[in-house]
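Participant: Residues are numbered in the working numbering as their position in the sequence shown, beginning at 1, plus a constant of 3. Got a structure here, written out as structure tokens. Questions coming.
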Amino acid sequence: MEYFYKKASSEELERIWEKNIAANRGDKRWKIWKKEMLADNLANRVATFVVLRGNDPVGEGTLLFSPACQAIRGRKTLCDGRKTANINALRIEKAFENQGHISKLVHQMEVYAAECGYDYLTIGVEAKETRNLGIYLHWGYAEFVMSEEEDGELVLYFRKKL
4 MEYFYKKASS EELERIWEKN IAANRGDKRW KIWKKEMLAD NLANRVATFV VLRGNDPVGE
64 GTLLFSPACQ AIRGRKTLCD GRKTANINAL RIEKAFENQG HISKLVHQME VYAAECGYDY
124 LTIGVEAKET RNLGIYLHWG YAEFVMSEEE DGELVLYFRK KL
């Protein structure tokens with residue numbers, strides 16, 4: 004089966020969000036987040052990218068461009084709407100982990116952000132997620148920006164010059 008890494012169409016957004024909601028059945032926040040993300044994609048405040056296995060979305064990541072996005076909450080050091088954007092919500096289905104798909108997706112996101120005129124990307128990682136931290140450092144997200152407690156977890160933010 005062939006894999007594709009691309010900016011999501013509206014149909015692909017619908018499919019990936021329906022999968023997210025089904026995987027998190029009972030957690031009403033996912034329906035709220037879906038509504039926010041669809042609206043933000045439509046208004047070009049964000050751009051969601053997908054990993055497609057054939058036509059089936061199996062992974063995703065979203066570039067946040069506007070500090071007005073709910074996930075940014077006005078933190079302009081992470082996303083200022085001009086020169087710095089944020090990588091958010093990197094997810095891949097369990098069966099497709101450790102195959103390099105997220106690395107390829109992030110590369111597509113970086114190229115897109117640079118084409119849109121952004122000079123920097125930021126990314127956050129929970130401090131306890133040492134494996135992900137190592138991956139992000141390997142990708143070049145090595146400039147420490149800030150730390151913040153979110154939902155009871157310490158999150159570290161790093162930046163990369165494109």
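We put the CB at the ideal spot given by N, CA and C, even for glycine. Every value quoted in this text rests on a predicted model; they were computed, and no experiment measured them.
(1) Would you kindly check if the distance between the Cβ of residue 129 and the Cβ of residue 108 is under 9 Å?
(2) Report back the beta-carbon spacing between residue 60 and residue 18 to the nearest angstrom; my notes put them in contact at under 8 Å.
(3) Hey, how far is the Cα of residue 126 from the Cα of residue 39?
(4) Hey, how far is the Cα of residue 87 from the Cα of residue 78?
(5) Which of the three DSSP states is assigned to residue 59 in this structure?
(6) In angstroms, rounded to a whole number, what distance separates the CA positions of residue 136 and residue 62?
(7) Roughly how many whole angstroms lie between the Cα atoms of residue 95 and residue 37?
(8) For residue 89, count neighbouring Cβ atoms within 10 angstroms of its own Cβ and tell me buried if that reaches 16, exposed if not.
(9) Just mark residue 152 as buried or exposed, buried being the case when its beta carbon has 16 or more other beta carbons within 10 Å.
(10) Between which residues of its own chain and residue 93 is the CB-CB distance below 6 Å, once the five residues before and five after are set aside?
(11) Can you check whether the CB of residue 66 is closer than 9 Å to the CB of residue 123?
Facilitator: In brief:
(1) Not closer than 9 Å, so no.
(2) 5 Å
(3) 20 Å
(4) 11 Å
(5) For residue 59, the secondary structure class from DSSP, reduced to helix, strand or coil, is strand.
(6) If you take the alpha carbons of residue 136 and residue 62, they lie about 19 Å apart.
(7) 17 Å
(8) The residue is buried, with at least 16 neighbouring Cβ atoms inside 10 Å.
(9) exposed
(10) 64 and 105
(11) Going by C-beta atoms, residue 123 is not nearer than 9 Å to residue 66.
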